[in-house]
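One rule links them: number in our numbering = place in the sequence shown (from 1) + 77.
Working notes, beginning with the structure itself.
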Amino acid sequence: MPSPYQELKERAWAANQEVPQRGLAIYTFGNVSALDAARGVVAIKPSGVPYDKLTVDDLVVVDLAGELVEGKLRPSSDTPTHLVLYRAWQGIAGIVHTHSSYATGWAQARLPIPIYGTTHADHLAEDVPCTAVMSAEAIERDYEVETGKQILACFESREPLHTPMVLVSGHGAFAWGETPEKAVYNAAVLEELARMAFVTRTLDPSAARLPEPLIRKHFERKHGKNAYYGQK
Ligand SMILES: [Zn+2]
């Protein structure tokens with residue numbers, strides 16, 4: 078009998094496959110989840126399974142409280158972080174976590190990624206934020222839940238769909254989107270922005286941020302009611 082979550086699992090599987098294909102992870106690093114908001118379930122990569130061995134049947138389905146709904150394997154250890162974000166934010170249906178090299182480099186330096194150019198401004202109108210470093214008390218509580226809370230704290234005055242990515246200090250990258258496919262796209266964009274910013278800062282450590290009018294122009298070309306980039 079086919080799984081009632083087959084389509085969700087297939088989308089989550091395909092999105093997970095794209096992570097190593099885009100050079101965002103080696104071995105078992107990273108994970109992608111896909112949300113079915115109507116049914117309140119999430120399909121996520123199982124813990125510790127390499128991408129090239131991953132099958133659609135391996136995907137684990139949990140509810141938004143983290144209870145197992147379907148699957149033979151244990152879900153990714155980062156599942157509680159994904160669930161914190163899904164419960165808090167409307168309109169997000171895919172989340173990606175990676176330790177992609179350049180993004181993680183900035184996270185390890187505990188630095189936001191400066192908005193140096195229009196490639197960045199096409200996707201978000203501010204620096205890629207970097208969370209605070211987790212306190213010893215928070216680590217002692219529930220580490221993966223606390224990681225989600227750190228991200229929420231960083232987004233208290235941000236719109237998650239306008240800034241669909243974050244660096245977690247000392248750790249790595251999270252990105253999200255209205256679909257799992259868009260979440261992977263944003264994770265790949267994050268890595269590229271991190272790489273470009275690294276090159277910019279290396280060539281000129283005092284490089285200036287993009288001027289505000291250029292940021293607004295590029296961001297608003299692609300976002301909001303007056304967007305005109307691409308095909309209708
Ligand atoms: Zn991680």
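The beta-carbon is built from N, C-alpha and C at its ideal position, and this holds for glycine as well.
The straight-line gap separating the alpha-carbon atoms of Leu-267 and Glu-221 is approximately 22 Å. In this structure, the beta-carbon distance from Arg-278 to Tyr-193 falls below 9 Å.
Distance from the CA atom of Gln-227 to the CA atom of Gly-307, rounded to whole angstroms, is 35 Å.
In this structure, Gly-249 has its beta carbon less than 8 Å from a heavy atom of ligand 1. Taken through DSSP and simplified to helix, strand or coil, Glu-147 comes out as strand.
In the assembly as shown, Gly-225 is a buried residue. Its beta-carbon has 16 or more other beta-carbons within 10 Å.
Taking a C-beta distance under 9 Å as the contact criterion, Val-261 and Val-138 do not qualify as a contact pair. His-176 and Ala-250 have their C-alpha atoms roughly 6 Å apart.
Taking C-beta separations shorter than 6 Å and ignoring five residues to either side along the sequence, the partners of Ala-202 in its chain run Ile-292 and Phe-296, following chain order. DSSP places His-174 within a strand segment (E or B) once states are collapsed to three. Taking every protein chain shown into account, the CB of Lys-294 has fewer than 16 other CB atoms within 10 angstroms, so this residue is exposed.
Here Ile-292 carries a helix assignment [DSSP, helix/strand/coil]. Here Asn-303 is not bridged, per DSSP, to any residue. With a cut-off of 8 Å, the C-beta of His-159 is classified as distant from ligand 1, since no heavy atom of the ligand falls inside that distance.
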